[in-house]
Structures are given as C-alpha cells and as structure tokens.
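In the working numbering, the protein residues as written are 30 to 269. Heads up: the structure comes next, in structure tokens.
In structure tokens:
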C-alpha cells in the first residue's frame, strides 16, 4: 500500500505478480480548459500530514472491501503544465472486475476526502481555486451542527458570538471579511499550528476560507486536538 504526495512528475510503476489476473491504472491529466475557459497551467497544494493520513486510510478501505494484492496512489503538488499527470492510481487483483471497481473507488474517495486544492490559471492571467467536490449549501447557514450541540441556544446565522478567523493565504484576500465589532483574525491555514495558544483562550472561533474546504479540514483537525471551541463556515467567500 503506497500513498504519496510529490512535486516531481509521476507515472505508473506497479507490476502484476504471478498470482494477479488484472492490473488497473487510472491517470488523471491536466486539461487545457475549465468551464469553457482556456487554462494555461494548474497548481495543487495540500494540507500535508492530514492529506497523507486520509489517503492511506482510503487505500486501507479499498484493500478491506476488494480482494487486492497491491494498491498505489500518487498525487502531484505544485505547478503542473497541460498534459501532465496529476494523479496516478494503480491496483492489482485476481480479477478485472474487482480491479476496475477498486481503482474507481480510490479515485472518487481521494477527490472527495483528501484535503488537496487545485488552482486554475487561465490564459487571460487570472486564476481561481477550484473545489469541484464541495457540497452545495445555503450561504446563510453559517454554523455547523456541532455548534448547536456545544453552544445551545445560539441562532444558526448569528456571527456576533464568534471570533472570525480568515485562513486564506495573503495572496487570496482581494476582499476582507469584517465581523461584528471588528473581531476578524487573519491566520493563514499553513500557520495555524503556530497560533494554537490563541484557541486555548476559550472563545468560540469560526474558520473561513475561499471554498469552505480548508476551513472545515482545519476545524476538524483542531477539534481532534481538543479545541472544541473551533468550528468552520460551511461555505466559502466565493459563495457569499
């Protein structure tokens, strides 16, 4: 079982064993268009350790569900040119049906669950972060269900009780969210671990980002570390 993130070019590598009857390979490549617009190149970035652990968990799940002998998934990070491989998934099995199904399962789960973000750079010179797997939701529903359990009595669209934390990188901030009483903090998601002492103060914090995905990943990670007062906006700036 191999799950990797790399800035280097990727390709299929597995070789079937004598006991295998099938080797299934999926290679995702960078195309030159997105929603009718011409694309010049892409950028991928990931929330490192969590991405690796979630990717490994997906491969373990596949091996539990399907009779596989080998699994490998490698995802590119950084800048990718048109035509370059962005993800390679390989599985071996005794039969083609299980191999095809397992390969599809891994691809779909990685796209849905692993915190990897894609930035489309268009030929006109502008760019945008893309999260095609994000769930549609009502922008007015600000708080997640966990908030209602932990902070009973608060309205689901009330921001006044929260410190807002904008976790976008500085270059992603063409607009600045102002919360009631100017309680907004700007902490890039890559620097959150350097500011854990702030979250230990007990105030409720609401993380926000461009698409909603990074904020939710960070909130889940911080909650797993004991910060039950940290939550995430269920949508991103671009949906508001």
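Positions of the beta carbon are idealized from the N, C-alpha and C atoms, including for glycine.
Helix, strand or coil: how does DSSP classify residue 105 here?
Correct three-state label for residue 105: strand.
Is it a yes or a no for the segment 140–154 touching the segment 88–99, going by three-plus beta-carbon pairs under 8 angstroms?
As far as the Cβ criterion goes, the segment 140–154 does not touch the segment 88–99, which means the pair count is below three.
Which first and last residues belong to the alpha helix (DSSP H) in which residue 242 is found?
Here the alpha helix (DSSP H) through residue 242 covers 242–253.
Please classify residue 258 as buried or exposed, where buried requires at least 16 other C-beta atoms within 10 Å of its C-beta.
It counts as buried.
For residue 35 and residue 146, which I take to be in contact (beta-carbon distance under 8 angstroms), what is that distance rounded to the nearest angstrom?
That pair is no contact at about 16 angstroms.
Helix, strand or coil: which one does DSSP assign to residue 150?
Of the three classes helix, strand and coil, the one that applies to residue 150 here is strand, per DSSP.
Quick one: grab the DSSP three-state call for residue 114.
Correct three-state label for residue 114: strand.
Using the C-alpha atoms, what's the distance from residue 70 back to residue 132?
Going by the C-alpha atoms only, they are around 26 angstroms apart.
Across which residues does DSSP place residue 99 in a beta bridge pair?
DSSP output for residue 99 lists 121 as bridge partner(s).
Out of 122, 41, 56 and 73, state which residue places its alpha-carbon closest to the alpha-carbon of residue 50.
When only C-alpha atoms are compared, the closest one is 122.
In whole angstroms, what is the alpha-carbon distance linking residue 81 and residue 253?
Cα to Cα, the separation comes out at about 16 angstroms.
Assuming residue 105 contacts residue 76 under a Cβ cut-off of 8 angstroms, what Cβ separation, rounded to an integer in Å, is found between them?
The Cβ separation is near 15 angstroms, so there is no contact.
Thinking C-beta only, is residue 40 closer than 9 angstroms to residue 120?
No, the pair does not count as a contact, with Cβ atoms beyond the cut-off.
Considering just the uninterrupted stretch of the alpha helix (DSSP H) at residue 84, what are its terminal residues?
It spans 77–94 - the alpha helix (DSSP H) in which residue 84 sits, taken as one unbroken run.
Could you give the C-beta distance for residue 144 and residue 235, rounded to a whole number, given that I count them as a contact under 8 angstroms?
Incorrect: roughly 19 angstroms between the Cβ atoms, too far for contact.
Identify which residue in 30, 195, 250 and 239 has its Cα closest to the Cα of residue 88.
If we check each option's Cα against that of residue 88, 30 comes out closest.
Please state whether DSSP places residue 256 in a helix, a strand or coil.
Residue 256 falls in the coil class under three-state DSSP.
Which residues in the same chain as residue 110 place their Cβ atom closer than 8 angstroms to its Cβ, once the five residues preceding and following it in sequence are excluded?
The residues are 59 and 70.
Can you grab the Cα-Cα spacing for the pair residue 112 / residue 199, in whole Å?
So the two alpha carbons sit approximately 30 angstroms from each other.
Tell me which residues share the same chain as residue 228 and place their Cβ nearer than 8 angstroms to its Cβ, disregarding the 5 neighbours each side in the sequence.
Excluding positions up to five away in sequence, the list reads 234, 251, 256, 258 and 259.
Pop quiz: residue 100 and residue 46 are said to be a contact at Cβ under 8 angstroms. What is the actual Cβ separation, rounded to whole angstroms?
That pair is no contact at about 13 angstroms.
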